[in-house]
Amino acid sequence: MSNFTMNRRGFLTNAALLGGLAAASQTMLTVSGANAQGLAKIRMQLGWLASNGLLGEVVAIEKGFYAEQGIELEIVPGGPNVDGVAGVASGQSNVGQISSSPSVMLARSAGVPIKAIAAGYQKHPYAYFSKKSKPIEKPADMVGKTVAIQPTGAILLRALLAKNGIAEDQVTVVNMGADMNQLVTGQADAVVGWLTNVNALKVLGDDRIDMLLWDTGIQLYANVYYTTDDQLANNTKDLTGFIAATAKGWGYARDNPAEAVDILVKAYPNLDKASELEAIGPLMTFAFNETTVANGWGAMSKENWEAQIKTYADLGQFKGTVPTVDDVMSLALLDATTDIRKQVG
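Counted the way mature numbering (1 follows the signal peptide of the UniProt record, and there is no 0) counts, the sequence shown spans residues -36 to -1, 1 to 309.
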């Protein structure tokens, strides 16, 4: 069974919601104000529930890096019934963090005035997992196989197949459940998930082959930070401080992983310490690599964004105007924090 058609309908529904959000965002409220200590309040809206994707932020709060920049950071959790982009676009929050870079492009195409300002993960941890007995190590190995994906993964699989010259009807697509058991039971030849989600991957044990989406040619950013055009123009000082402090937090977490995990689970007791200690190693390979060595934490390139836009345009994913690179991202805050970001790259 193919779910590409079903997921297309889901995309159209989301596009309609974004269209309504674009109209609402024309009357944005700007978040501002200071606390009793005179620190500027910055609200960061998450796209989902709190996780290890916030490691650098909670460390920066604990170590006083935001206070050094004259900022008090409030982290606003997302969830299944929370539209994080709406919270930022409406002005309720100053900045947001979203799991995958295409969400910014799609929102911008629908008229929502947001832009990416930094990439928390240089490579997206999204991967396809298979068994050693029936390995999928490269895209060509998918031919004739059954791949279980969530609805949001349909466009990623379509992009992968198109990039590698594989017809969609050569791969069987089924709905993925809440866990990865379909691979264990043989109902699917591959399942999907993030390599940083060590709890979900435990069921697969050592009998596992990983194929990163990035390595197939679809090179997306993850844990992307974004803000509105209005905030970027009128709240530059505080947002610059936010990026500087966040970079320091992530650098400290990389250099002091055990302490960073202690801080994380203290802030979010629902997280399992043992699992987070196991996850921090893989996580840091996505946050820091040769790109950050050269350009510092959070780096992005216009060339990468151009390639992403082309991929989604070729697949007909933009229901509005195809956005330009300058529509979807800004290097202004990264440029303003180059020195401090390179210190932790």
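Built from N, CA and C at the ideal position, the CB exists for glycine as well.
Expected contact under 8 Å - CB spacing of residue i and residue j to nearest Å
i: residue 66; j: residue 276; result: 6 Å
i: residue 69; j: residue 225; result: Between residue 225 and residue 69 the Cβ distance is about 33 Å, and since that is not below 8 Å, they are no contact.
i: residue 167; j: residue 144; result: 5 Å
Collapsed DSSP secondary structure at residue i in the structure displayed
i: residue 7; result: strand
i: residue 334; result: Only positions -36 to 309 of the chain appear in this structure, which leaves residue 334 out of reach.
i: residue 95; result: strand
i: residue 120; result: helix
i: residue 157; result: strand
i: residue 216; result: helix
i: residue 84; result: strand
i: residue 79; result: strand
Cutoff 6 Å; reference residue i; Cβ partners in own chain excluding five residues on either side
i: residue 136; result: 110
i: residue 160; result: 89, 243, 246 and 247
i: residue 316; result: Any question about residue 316 goes unanswered here, given that the chain covers just -36 to 309.
C-beta atoms of residue i and residue j nearer than 7 Å
i: residue 316; j: residue 103; result: Because the chain is modelled from -36 through 309, residue 316 falls outside the range shown and cannot be assessed.
i: residue 81; j: residue 180; result: no
i: residue 20; j: residue 213; result: yes
i: residue 305; j: residue 211; result: yes
i: residue 13; j: residue 43; result: yes
i: residue 62; j: residue 123; result: no
i: residue 86; j: residue 48; result: no
Close-in-space but distant-in-sequence residues of the same chain around residue i (CB under 8 Å, 5 per side omitted)
i: residue 91; result: 156, 157, 158, 159, 174, 175, 176 and 177
i: residue 152; result: 110, 111, 112, 138, 140 and 146
Opening and closing residue of the beta strand (DSSP E) in which residue i lies
i: residue 141; result: Counting along the chain, residue 141 falls outside any beta strand (DSSP E), and DSSP gives it neither H nor E.
i: residue 61; result: 59 to 64
i: residue 175; result: 173 to 176
i: residue 187; result: 186 to 192
i: residue 110; result: 110 to 113
i: residue 37; result: 35 to 40
Contacts around residue i, its chain only, beta-carbon distance under 7 Å, and the 5 residues preceding and following it disregarded
i: residue 285; result: 73
i: residue 269; result: 289, 292 and 293
i: residue 240; result: 16, 225, 228 and 229
First through last residue of the alpha helix (DSSP H) which encompasses residue i
i: residue 298; result: 296 to 300
i: residue 237; result: 237 to 251
i: residue 292; result: 289 to 292
i: residue 256; result: 254 to 259
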